[in-house]
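S.K.: Residue numbering for the sequence shown is 7 to 298, as defined by this note's numbering.
All C-beta atoms in this analysis are idealised placements derived from N, C-alpha and C, irrespective of residue type, glycine included.
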Amino acid sequence: MCSDHGVAPAYLVFMLGFLLSEEIGLSYVNAIMFVEGVPSTSAFNFIYPFSSDMIRKSIIFIFTISSVVPDGVMKTQITIAGIAISCIALASNLGSRAWNNLKLNSIPYDGIGTSLICYICSVIVGLAVPYLGYHEIQAGGKVASEVVLKSIFFVGMCFILSDFDEVQRFLLVGSEQCNQDLVNICVGVWFTFSSLLSIYFTGKIEKYHMVNPVLDEPPLVEPNEDSPVGYSVPSLPNFPINTTLFAPTKYKCFSRKLVIALALLISVGIGAVIVTMGFSSIDDQITSSNPT
């Protein structure tokens with residue numbers, strides 16, 4: 007059994023309320039804009055009467071309540087509820103942006119509960135292909151494959167490190183005493199399939215190309231040494247241009263096929279390690295502070 011005390015929600019309030027505010031913020035707005043096709047936040051505020059960042063505010067409120075509740079079962083349950091909602095918000099944001107990067111059509115339904123359906127769809131896509139929600143994925147081609155490869159490796163290493171008792175004790179005192187075999191199996195299976203799906207769909211994203219202006223029209227951008235990005239828009243002064251979308255790949259010595267092969271190997275390898283942690287007790291001798 008897990009300990010029912012020692013939870014420190016103040017850490018989570020700081021991390022989610024400040025450090026990760028963009029990652030969990032405006033998740034409902036993003037789902038409505040990308041999945042339903044609402045054109046702007048102004049249109050969202052006009053259509054829906056509630057706050058545009060209601061979910062993030064609710065998460066911070068839940069953790070604030072849990073920080074003042076006395077130690078016990080109630081405190082633990084409130085904190086776990088806040089963590090679950092935070093994961094849903096993060097998955098929704100990743101899924102909404104993945105929906106946009108994959109250029110999926112907006113859902114055809116426009117009746118009762120449309121916004122809720124859009125949010126559920128964004129969460130499902132976010133859980134299925136979370137690595138396609140990054141901004142750099144828009145570049146497509148080999149750049150997108152490299153981003154997915156690095157993300158898969160980073161997430162896998164973070165989860166393996168989280169199995170150490172010292173890390174778990176810092177986040178949630180008492181969690182190191184829980185039986186985590188089922189969690190490891192479920193996360194390992196999810197990690198493998200979400201990684202493989204993300205790798206597959208990177209091939210569906212067209213490589214970003216800068217559109218050449220018509221010869222008899224003024225150029226859309228022009229070189230400008232005074233600009234922090236090296237370009238400026240004549241008709242829109244100081245308009246930022248993200249040159250990374252059409253920049254060459256960083257790792258020229260690796261072909262896209264090699265990057266995909268490495269990503270597949272890492273996905274299956276790390277996923278197998280995580281699943282094995284659920285069946286074997288060998289990892290307990292390494293990660294446990296009191297091995298038996």
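Could you check whether the Cβ of Asn36 sits closer than 7 Å to any heavy atom belonging to the ligand SAM?
M.R.: Among the components of this structure there are no ligands whatsoever, and the ligand SAM is therefore not found.
S.K.: With a threshold of 8 Å, are at least 3 pairs of Cβ atoms found where one atom belongs to the region 265 to 274 and the other to the region 192 to 205?
M.R.: Segments in contact, yes.
S.K.: For Pro229, does the three-state DSSP call read helix, strand or coil?
M.R.: Looking at Pro229 - three-state DSSP - the assignment turns out to be strand.
S.K.: To the nearest angstrom, report how far apart Asp59 and Tyr140 are at their CA atoms.
M.R.: Between Asp59 and Tyr140, the C-alpha separation is close to 20 Å.
S.K.: Going by CA-CA distance only, name the one from Ser157, Leu226, Asp169 and Tyr237 that's closest to Thr198.
M.R.: Measuring from the Cα of Thr198, the nearest candidate turns out to be Ser157.
S.K.: Throw me the rounded Cβ distance for the Asn99 and Ser33 pair, which I believe falls under 8 Å.
M.R.: Confirmed, about 5 Å.
S.K.: DSSP three-state call for Tyr125: helix, strand or coil?
M.R.: In the structure shown, Tyr125 sits in a helix (DSSP, three-state: H, G or I).
S.K.: What residues match up with Ser238 in a beta bridge as DSSP calls it?
M.R.: Looking at the DSSP assignment, Ser238 forms a beta bridge with Glu228.
S.K.: To the nearest angstrom, how far is it from the Cα of Leu122 to the Cα of Cys192?
M.R.: Distance between the alpha carbons of Leu122 and Cys192 is about 26 Å.
S.K.: Would you mind giving the Cβ-Cβ distance between Val129 and Ala97, rounded to the nearest angstrom? I have them listed as a contact below 8 Å.
M.R.: Their Cβ separation, rounded to whole angstroms, is 5 Å, which keeps Val129 and Ala97 in contact under 8 Å.
S.K.: How would you label Tyr137, buried or exposed, when you count the other beta carbons within 10 angstroms and need 16 or more for buried?
M.R.: Flag for Tyr137 reads buried.
S.K.: Would you check if the distance between the CB atom of Ser64 and the CB atom of Ile30 is smaller than 8 Å?
M.R.: No, Cβ-Cβ distance for Ser64 and Ile30 is not below 8 Å.
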